[in-house]
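Novice:
2 protein chains.
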Amino acid sequence: MHSKFEILRLLSYRMCLNRLKNIGFEYVFSYYLGEEVDVSPEQIRRDLASFGIRGKKKSGYHIEQLILDIEKILGNEGRQFVIIVGMGNIGNALIDNDDFKRNNIDIIAGFDIDPVKLKRKYQIPVFPNNKLEEFIHSNNIKTAVLAVPALSAQEVCNNLVSYGIRGILNFAPVNLKVEDNIVLNNVNLCSELTSVIYLANHS
Amino acid sequence: MHSKFEILRLLSYRMCLNRLKNIGFEYVFSYYLGEEVDVSPEQIRRDLASFGIRGKKKSGYHIEQLILDIEKILGNEGRQFVIIVGMGNIGNALIDNDDFKRNNIDIIAGFDIDPVKLKRKYQIPVFPNNKLEEFIHSNNIKTAVLAVPALSAQEVCNNLVSYGIRGILNFAPVNLKVEDNIVLNNVNLCSELTSVIYLANHS
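Protein chains in written order, with our numbering: chain P, 57 to 259; chain C, 57 to 259.
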């Protein structure tokens, strides 16, 4: 079982490798890749070896092959269908993310409890929350983005899990409780910005 | 000098402490707080001690005092003014974030190169990018949110730094290069979601 941090590093390697490939590089050493993505070369070699990928002492990693290997690890499940619960600002911003589309991620529906939001025009179908269970079951959805207000986040999270959701990307600024077998990834934008402000003021 | 991860953990402790306080707790042990925020009790004690905060063996940390201590560490610089460059979906979502306002963060202006976006009505003033230098200087802005397309991100980033920006929260899916004295925090939403999908499929 790999950790969230390993997967995030793998994604960051891929992003960098694509750039190196586009500017004409053919091979890359772990120390050069490490400089680019701000990870130690030892960590890079360990991460890749944990997926069975090894570079050559003399030439390093073959970039195109390494990209294919990473794609194979991350993307061999094909198109991924994801729903968004909470069609506020963040929810809205995510339905139109080109980066998702390029990476085989399809946000196929949104959900909200606000009747006003349900009447608006979106690029994806948006349903009331009481349609969640049926939708998740009939489309076999495993991953949801949670973008509801903090106060209702735990309740909605519990419902999603009981309907069969296995992975949640949570934008609500709360410590959600989930069972160990559920994947929970919190993105707290306010904390991220606060940390930048603090560190910039103290650097 | 503290790291981004220390500050993010401190913010996560504060969020949890506020919740514990609201439901009537007066004291908390590091192991209980650790369970709540998914950090080891040793790490919590080390983090807090690095800011000179120590709990008591018998009763743990006094919650209200600990919140005040953390506020003092993170918030003693008062109101923080931040700009957003790139008024696409993400930029737009952030200007209306209540969590920022509650945390003394004021997004005071947006910038974009697209004349169409400049004509729209926003809750904050939005200027063309060629006003960045003047605005940053005259308002002594140190922190910027970068929400421009990947292709122009490095160029805009270089400009921001040359105009005096010290901290950048970057949403563009690229490995930006900055000098060591610049604080750069990358939030790659596609990577975050991809990691949830991968882990949920393999859990």
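Even glycine gets a Cβ: it sits at the ideal position worked out from N, Cα and C.
Would you give the residue range spanned by the alpha helix (DSSP H) that Gln210(P) belongs to?
Specialist: As a first step, residue 210(P) is located in the first sequence; it is residue number 154 there, counting from the start. First-last of the alpha helix (DSSP H) with Gln210(P): Ala206 to Ser218.
Novice: Could you tell me which residues DSSP pairs with Lys112(C) in its beta bridges?
Specialist: In the second sequence, residue 112(C) corresponds to position 56, counting from 1. According to DSSP, Lys112(C) bridges with Gly116(C).
Novice: Tell me, please, which residues DSSP counts as bridged to Lys240(C).
Specialist: The residue you call residue 240(C) lines up with position 184 of the second sequence. The identity of residue 240(C) in the sequence shown is Leu, whereas the question assumes Lys. According to DSSP, Leu240(C) bridges with Ile224(C).
Novice: At the level of alpha carbons, what is the spacing between Pro205(C) and Ile151(C)?
Specialist: Taking the first residue of the second sequence as 1, we reach residue 205(C) at position 149. Taking the first residue of the second sequence as 1, we reach residue 151(C) at position 95. Answer to the nearest angstrom: the Cα atoms are 18 angstroms apart.
Novice: Under a CB-based cut-off of 7 angstroms, is Arg222(P) close to chain C?
Specialist: For the purposes of this step, residue 222(P) is taken as residue 166 along the first sequence, with counting starting at 1. Cβ-Cβ to chain C under 7 angstroms: yes for Arg222(P).
Novice: Beta-carbon separation of Ala203(C) and Ile146(C) under 7 angstroms?
Specialist: Along the second sequence, read from residue 1 onward, the residue named residue 203(C) stands at position 147. Along the second sequence, read from residue 1 onward, the residue named residue 146(C) stands at position 90. In this structure, Ile146(C) lies closer than 7 angstroms to Ala203(C) by Cβ.
Novice: List, from N- to C-terminal side, the beta strand (DSSP E) runs of 3 residues or more that fit wholly inside the stretch 120-192 of chain P.
Specialist: Here the runs fully enclosed are 136-141, 161-168 and 182-184.
Novice: Taking the C-alpha atoms as reference points, what is the distance between Val138(C) and Gly111(P)?
Specialist: By one-based count along the second sequence, residue 138(C) stands at place 82. By one-based count along the first sequence, residue 111(P) stands at place 55. C-alpha separation (whole angstroms): 43 angstroms.
Novice: Using a Cβ-Cβ cut-off of 7 angstroms (strictly less than) and excluding sequence neighbours within five positions of Asn215(C), which residues of its own chain qualify?
Specialist: Position 159 of the second sequence holds residue 215(C). Counting only Cβ-Cβ distances below 7 angstroms, and skipping sequence neighbours, we find Leu188.
Novice: Mapping the DSSP letters down to three states, classify Leu232(C) as helix, strand or coil.
Specialist: Stepping through the second sequence from its first residue, residue 232(C) is reached at position 176. When secondary structure is reduced to three states using DSSP, Leu232(C) falls in the coil class, being assigned neither helix nor strand.
Novice: Which of the residues in the stretch 238-255 of chain C, read from start to end, lie with their CB under 9 angstroms from any CB of chain P?
Specialist: Against chain P - using a Cβ distance shorter than 9 angstroms - the residues of the stretch 238-255 of chain C are Ile238, Val239, Leu240, Asn241, Asn242, Val243, Asn244, Leu245, Cys246, Ser247, Glu248, Leu249, Thr250, Ser251, Val252, Ile253, Tyr254 and Leu255.
Novice: Assign Val95(P) to one of three DSSP states: helix, strand, or coil.
Specialist: Residue numbering aside, residue 95(P) sits at position 39 when the first sequence is read from its first letter. Coil, per DSSP.
Novice: Out of Lys114(C), Ser247(C) and Val239(C), point me to the one whose CA is closest to Ile253(P)'s CA.
Specialist: Stepping through the first sequence from its first residue, residue 253(P) is reached at position 197. That would be Val239(C), whose Cα lies nearest to the Cα of Ile253(P).
Novice: Give a yes or no on whether the minimum CB-CB distance between Ser86(C) and chain P is below 7 angstroms.
Specialist: By one-based count along the second sequence, residue 86(C) stands at place 30. By the rule that beta-carbons nearer than 7 angstroms mark a contact, Ser86(C) does not touch chain P.
Novice: Going straight from the alpha carbon of Ile169(C) to that of Val141(C), what length do you get?
Specialist: Walking along the second sequence from the start, residue 169(C) turns up at place 113. Walking along the second sequence from the start, residue 141(C) turns up at place 85. Roughly 9 angstroms separates the two Cα atoms.
Novice: Between the stretch 153-173 of chain C and the stretch 216-226 of chain P, can you find at least three pairs of beta-carbon atoms closer than 8 angstroms?
Specialist: No contact exists between the stretch 216-226 of chain P and the stretch 153-173 of chain C.
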